[in-house]
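Numbering (our numbering), first residue to last: 23 to 85.
Idealized CB from N, CA, C, for every residue including glycine.
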(Lines of atoms letter the chains of each structure in order from A and count residues from 1; the text may use other names and numbers.)
(Lines give C-alpha, C1' and ligand atoms only; values in the text may rest on other atoms or scores of the structure.)
Protein backbone atom coordinates (compact mmCIF):
# COMPACT_ATOMS: atom_id res chain seq x y z
CA UNK A 1 0.00 0.00 0.00
CA UNK A 2 1.35 3.43 -0.96
CA UNK A 3 1.48 6.19 1.64
CA UNK A 4 -1.03 8.99 1.26
CA UNK A 5 0.38 12.10 -0.40
CA UNK A 6 1.38 14.85 2.00
CA UNK A 7 -1.00 17.77 2.26
CA UNK A 8 0.39 21.16 1.23
CA UNK A 9 1.23 23.70 3.91
CA UNK A 10 -1.27 26.56 3.96
CA UNK A 11 -0.55 30.01 5.40
CA UNK A 12 -2.98 32.61 6.68
CA UNK A 13 -3.18 36.12 5.30
CA UNK A 14 -1.46 37.41 8.44
CA UNK A 15 1.41 34.93 8.07
CA UNK A 16 1.92 35.89 4.43
CA UNK A 17 1.75 39.61 5.20
CA UNK A 18 4.35 39.20 7.96
CA UNK A 19 6.63 37.08 5.76
CA UNK A 20 6.47 39.59 2.88
CA UNK A 21 6.51 42.59 5.25
CA UNK A 22 3.33 43.98 3.73
CA UNK A 23 0.12 45.26 5.26
CA UNK A 24 -2.68 42.69 5.20
CA UNK A 25 -4.71 45.27 3.30
CA UNK A 26 -2.25 45.01 0.38
CA UNK A 27 -2.99 41.29 0.07
CA UNK A 28 -6.72 42.06 0.15
CA UNK A 29 -6.32 44.66 -2.59
CA UNK A 30 -4.24 42.25 -4.68
CA UNK A 31 -6.93 39.57 -4.39
CA UNK A 32 -9.58 41.99 -5.63
CA UNK A 33 -7.46 43.01 -8.62
CA UNK A 34 -6.03 39.51 -9.21
CA UNK A 35 -2.46 40.79 -8.92
CA UNK A 36 -1.19 38.90 -5.92
CA UNK A 37 -0.13 35.36 -5.15
CA UNK A 38 -2.54 32.48 -5.79
CA UNK A 39 -4.86 31.66 -2.90
CA UNK A 40 -7.69 29.32 -1.99
CA UNK A 41 -10.85 29.95 -0.02
CA UNK A 42 -11.73 27.29 2.51
CA UNK A 43 -15.18 28.30 3.61
CA UNK A 44 -14.81 31.98 4.50
CA UNK A 45 -11.07 31.66 5.13
CA UNK A 46 -8.38 32.73 2.66
CA UNK A 47 -5.27 30.56 2.63
CA UNK A 48 -2.06 30.65 0.61
CA UNK A 49 -0.26 27.44 -0.29
CA UNK A 50 3.34 27.84 0.82
CA UNK A 51 4.89 26.26 -2.29
CA UNK A 52 2.78 28.41 -4.64
CA UNK A 53 3.64 31.54 -2.66
CA UNK A 54 7.37 30.79 -2.93
CA UNK A 55 7.03 30.18 -6.68
CA UNK A 56 5.12 33.46 -7.09
CA UNK A 57 7.85 35.36 -5.23
CA UNK A 58 10.62 33.72 -7.28
CA UNK A 59 8.88 34.68 -10.53
CA UNK A 60 9.21 38.31 -9.47
CA UNK A 61 12.92 38.15 -8.70
CA UNK A 62 15.05 40.71 -10.54
CA UNK A 63 18.76 40.58 -11.21
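Integer Cβ distance of residue i from residue j, believed to fall under 8 Å
i	j	result
residue 35	residue 68	5 Å
residue 33	residue 70	5 Å
Selected residue, minimal CA-CA separation from residue i, among the options
i	options	result
residue 13	58, 84, 65	With the chain running from 23 to 85 in the structure shown, residue 13 is simply not present.
residue 29	39, 49, 61, 72	72
Exposure label - residue i; buried when at least 16 CB within 10 Å
i	result
residue 76	exposed
residue 31	exposed
residue 49	buried
Other residues of its chain near residue i: CB distance less than 7 Å, five sequence neighbours each side excluded
i	result
residue 74	59, 60
Neighbourhood of residue i by C-beta, 6 Å cutoff - its chain only, sequence neighbours within 5 removed
i	result
residue 62	69
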